[in-house]
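Note that the working numbering has the sequence shown beginning at 2, numbered continuously upward. Notes follow once the structure below has been shown.
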Amino acid sequence: MRRKHSSFAAAAALLALTACGVVGRRADPPRPAVVLQAPAEPEPPRVEPVPVLAAAPVEPGPDRAAAPEDWAHRTLAGMTIRQKVAQMMMVWMLGDFDPAGSATELKLRELVETQGVGGIIVSAGTPTEVAVKLNELQEHAATPLLVGADLESGAGFRLSGVLHIATNLDMGGATDFPFQMALGAIGDEDLAYQMGRITALEARAVGIHVPFAPILDVNSNPDNPIIGVRSFGEDPQQVARLGAAFVRGVQDNGAIAVGKHFPGHGATDVNSHLALPVIHHSRAHLDSVDLVPFRAAIEAGMGGIMTAHITVPALENGGNLPATLSPDVMTGVLREQLGYRGLVFTDAMDMGAIDNGFGRSEAPVRAVLAGADVILMPPSAVTAIEALVAAVEGGRIPESRIDESVLRILGAKQSLGLATDPKVSPGQIHRVVGIPANVAVAREIAERSLVLLRNGRDLLPLAGTSTARVMSVTFRRASDLLAGRWFNETLRATYPALVTQSADRAMPRVLWEQMGKDARKAQLVVVSVYQTPWDPPGLPEELSDFIEELGRRKVPHVVVAFGNPYMITRFPDIQAYLLAWSGTAVAQRAAARALVGKTPINGRTPTRIPPAFEIGAGITLPARTEP
2 MRRKHSSFAA AAALLALTAC GVVGRRADPP RPAVVLQAPA EPEPPRVEPV PVLAAAPVEP
62 GPDRAAAPED WAHRTLAGMT IRQKVAQMMM VWMLGDFDPA GSATELKLRE LVETQGVGGI
122 IVSAGTPTEV AVKLNELQEH AATPLLVGAD LESGAGFRLS GVLHIATNLD MGGATDFPFQ
182 MALGAIGDED LAYQMGRITA LEARAVGIHV PFAPILDVNS NPDNPIIGVR SFGEDPQQVA
242 RLGAAFVRGV QDNGAIAVGK HFPGHGATDV NSHLALPVIH HSRAHLDSVD LVPFRAAIEA
302 GMGGIMTAHI TVPALENGGN LPATLSPDVM TGVLREQLGY RGLVFTDAMD MGAIDNGFGR
362 SEAPVRAVLA GADVILMPPS AVTAIEALVA AVEGGRIPES RIDESVLRIL GAKQSLGLAT
422 DPKVSPGQIH RVVGIPANVA VAREIAERSL VLLRNGRDLL PLAGTSTARV MSVTFRRASD
482 LLAGRWFNET LRATYPALVT QSADRAMPRV LWEQMGKDAR KAQLVVVSVY QTPWDPPGLP
542 EELSDFIEEL GRRKVPHVVV AFGNPYMITR FPDIQAYLLA WSGTAVAQRA AARALVGKTP
602 INGRTPTRIP PAFEIGAGIT LPARTEP
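See the structure below:
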């Protein structure tokens with residue numbers, strides 16, 4: 002019986018790791034998160050859990066005295082088929098506060114207590130809110146919950162800690178790094194390791210065990226509508242190096258790294274959230290490009306892989322199934338050819354690529370037959386559970402196949418220390434999450450990753466005069482209230498009379514025209530474009546016209562890309578063009594400081610930007626020498 006008292010697992014792990022002298026550097030050799038392979042029949046399936054966190058010294062007890070694998074096998078042996086299948090479900094939870102007795106809270110409690118789901122994937126919320134909610138759910142779970150979250154740019158990717166009100170009240174969020182392509186612009190494996198390390202420690206501090214990162218997709222298609230700056234770049238060898246370093250950083254510090262999206266989502270031209278992309282590359286191309294980072298991460302001991310909802314005919318034996326549902330891909334290529342032994346998570350099963358083409362009962366059955374261990378975000382967990390139970394009872398899925406997956410899941414929970422106490426101490430979060438030392442690493446990545454692709458008439462670094470008429474235009478998604486906040490605040494320190502304007506896709510043309518008239522009165526116009534991979538593709542014609550008009554009228558101007566680096570193809574006559582990779586606070590501040598020469602610009606683009614720029618392009622701009 003697992004103990005119910007509260008402890009701060011992440012802080013304990015941090016203390017133990019510090020005592021061993023491994024915090025902040027790479028362990029040698031790297032330690033795999035879990036070894037999760039079941040031997041062939043007729044032996045019963047077994048796992049060989051290897052701890053992913055260095056646990057602090059603990060007192061002996063009945064649970065602790067047993068052999069490490071006993072809890073997983075003992076728990077599996079006591080489960081019904083339905084309970085086993087439920088362990089394979091990872092359901093969605095919004096991380097912010099829910100009043101006791103609310104419909105959302107009751108639904109989650111029912112899934113955990115009555116249905117017995119095995120995992121939770123957390124969305125947005127403050128660190129403390131998330132920790133409190135997860136503690137409550139862990140308290141009511143018969144078997145500890147495995148908790149994941151998309152933490153692609155650090156724990157701050159989901160644990161923002163900011164109330165989106167007019168004042169943008171900062172409530173103390175987790176560390177938010179720039180997107181991975183910023184690391185590609187630097188090429189520093191140690192920084193990739195540090196980003197993984199900090200992500201893991203902050204995740205564990207709030208009760209998250211599986212940061213769904215890194216992205217190992219090689220972004221070979223500039224028109225990719227969903228990956229883009231989420232990738233480390235276009236060079237498969239560099240993606241492999243940085244990805245493996247990130248994996249080591251995560252798993253040396255108590256969490257399970259999950260590489261995504263296997264077998265590679267970087268060449269797509271369709272958003273799999275909406276429809277099913279098809280990759281037409283040959284097997285030779287896939288081996289030399291898309292599969293390279295996954296091989297490297299597997300060799301680094303990566304404990305988790307997420308599938309891609311894409312069709313790859315070259316990897317199938319005459320089939321045409323999404324990789325998530327394809328035994329040829331998930332078992333034949335991943336398990337048998339690449340020798341992968343860890344957990345396999347599907348991508349979200351409510352995405353259009355799966356949900357639109359396969360029934361909500363059939364899709365999870367096919368995913369398990371293909372080789373999936375965890376069904377992520379099924380549209381209906383109850384429907385998925387019932388479908389899998391029926392498939393087992395009807396002989397379509399052998400119960401031994403279910404046992405293999407559930408034993409991997411339980412083995413991971415055992416390795417993470419969840420069998421003893423899965424809860425954390427919210428009162429200690431501030432000692433780990435968003436601390437200055439962590440933010441300093443994010444700031445270093447933001448500053449060193451800036452790439453200057455154009456600097457017409459040596460416009461940069463900008464001259465700083467307190468009376469200069471400078472206009473800052475922020476193009477953003479209407480709901481993104483933080484876009485431009487820190488950039489304009491930092492720029493105003495140099496230009497006290499800074500005039501700011503905001504625009505979005507819905508802004509009427511008459512307002513664009515008025516903004517153009519205002520811009521002609523300025524001595525300098527800075528246009529910041531915030532475009533994430535989740536925003537609609539392309540840019541509005543009005544923005545193109547506005548920027549082109551600045552060039553025609555010889556108004557000095559610089560465009561800063563806080564996200565999509567490829568948009569320069571729309572504006573070939575931009576005077577100065579700076580890549581900042583994301584709209585995070587550290588990226589906004591870094592870009593503003595670099596524009597006025599307070600920090601140097603040294604980054605190199607890790608991707609082609611056709612037709613003018615190849616991988617490695619970038620102008621070096623030293624910091625301004627103060628008089």
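Beta carbons: idealized from backbone N, C-alpha and C, even for Gly. Predicted, not measured: the structure shown is a model, and the values here were computed from it.
A straight-line Cα-Cα distance of about 10 Å links ASP422 and GLN415.
In this model, GLY119 and GLY435 are separated by some 29 Å (Cα to Cα). Contact annotation, PHE488 with SER529: C-beta distance approximately 6 Å; criterion of less than 8 Å satisfied. In its chain, beyond the 5 residues on either side, VAL113 have a beta carbon closer than 6 Å to the beta carbon of ALA142. Counted as a single uninterrupted DSSP element, the beta strand (DSSP E) harbouring TYR578 occupies residues 577 to 580. ILE299 is the residue among GLY617, ILE299 and ARG590 whose C-alpha sits nearest the C-alpha of ARG242. Short of 8 Å from the beta carbon of GLU445, and not among the five residues preceding or following it, lie these beta carbons of its own chain, in chain order: LEU192.
For the pair LEU326 and ALA523, the Cα-to-Cα distance works out to about 57 Å.
The closest CA to that of ALA592, considering only PHE359, THR491 and PRO380, is found on THR491. According to the DSSP secondary-structure assignment, MET94 is paired through a beta bridge with VAL123. Contact between the stretch 250 to 260 and the stretch 233 to 242 is absent: fewer than three C-beta pairs spanning the two stretches fall below 8 Å. Taking the CA atoms as reference points, VAL527 sits about 30 Å from PRO437.
Ranking ARG249, PRO379, GLN338 and SER406 by CA distance to the CA of VAL369 puts SER406 first. DSSP lists GLY155 as the bridge partner or partners of GLU153. Annotated three-state conformation of LYS261 is strand, per DSSP.
The beta carbon of ALA479 is closer than 7 Å to those of ASP505 and ALA507 in its chain, skipping five residues each way along the sequence. Our two residues, PHE98 and THR129, have alpha carbons roughly 10 Å apart in a direct line. Here PHE180 carries a coil assignment [DSSP, helix/strand/coil]. Here GLU190 is buried. Its C-beta has 16 or more other C-beta atoms within 10 Å. At a cut-off of 3 residues, the continuous stretches assigned as beta strand (DSSP E) that sit fully inside the stretch 515 to 599 are 525 to 532, 558 to 564 and 577 to 580.
Taken in chain order, the complete beta strand (DSSP E) segments of 3 residues or longer contained in the stretch 416 to 485 are 452 to 456 and 471 to 476. Non-local C-beta neighbours of ILE386 in its own chain, meaning closer than 7 Å and more than five positions away in sequence, comprise ARG83, VAL86, ALA87, MET90 and GLN116, ordered along the chain. Within its own chain, the residues whose Cβ lies closer than 8 Å to the Cβ of GLU317, once the five positions on either side in sequence are excluded, are SER327, ASP329 and VAL330, listed in chain order. Beta-carbon to beta-carbon, ALA268 and ASN222 are separated by about 5 Å, close enough to satisfy the 8 Å threshold. Distance from the CA of ALA586 to the CA of GLY319, rounded to the nearest whole angstrom, comes to 48 Å. In the structure shown, the three-state DSSP call for PHE614 is strand.
In the DSSP assignment, GLN116 falls outside any beta strand (DSSP E), carrying neither H nor E. Residues ALA520, VAL526 and HIS558 of the same chain have their beta carbon placed closer than 7 Å to that of LEU551, with the five preceding and five following residues left out of the count. Here PRO212 is bridged, per DSSP, to ALA150. Rounded to whole angstroms, THR600 and THR621 show a C-alpha spacing of 11 Å. In this structure, the beta-carbon distance from PRO462 to LEU596 falls below 8 Å. Counting C-beta pairs with one atom in each stretch, the stretch 146 to 164 and the stretch 177 to 191 have three or more that are closer than 8 Å, which means they touch.
Our two residues, VAL511 and VAL561, have alpha carbons roughly 24 Å apart in a direct line. Residue environment analysis places ALA354 among the buried positions, since at least 16 neighbouring C-beta atoms fall within 10 angstroms of its C-beta. The C-beta separation of ALA382 from VAL92 comes to about 5 Å, placing the pair in contact by the 8 Å criterion. Boundaries around ILE355 are those of the alpha helix (DSSP H), 353 to 356, since no beta strand (DSSP E) includes it.
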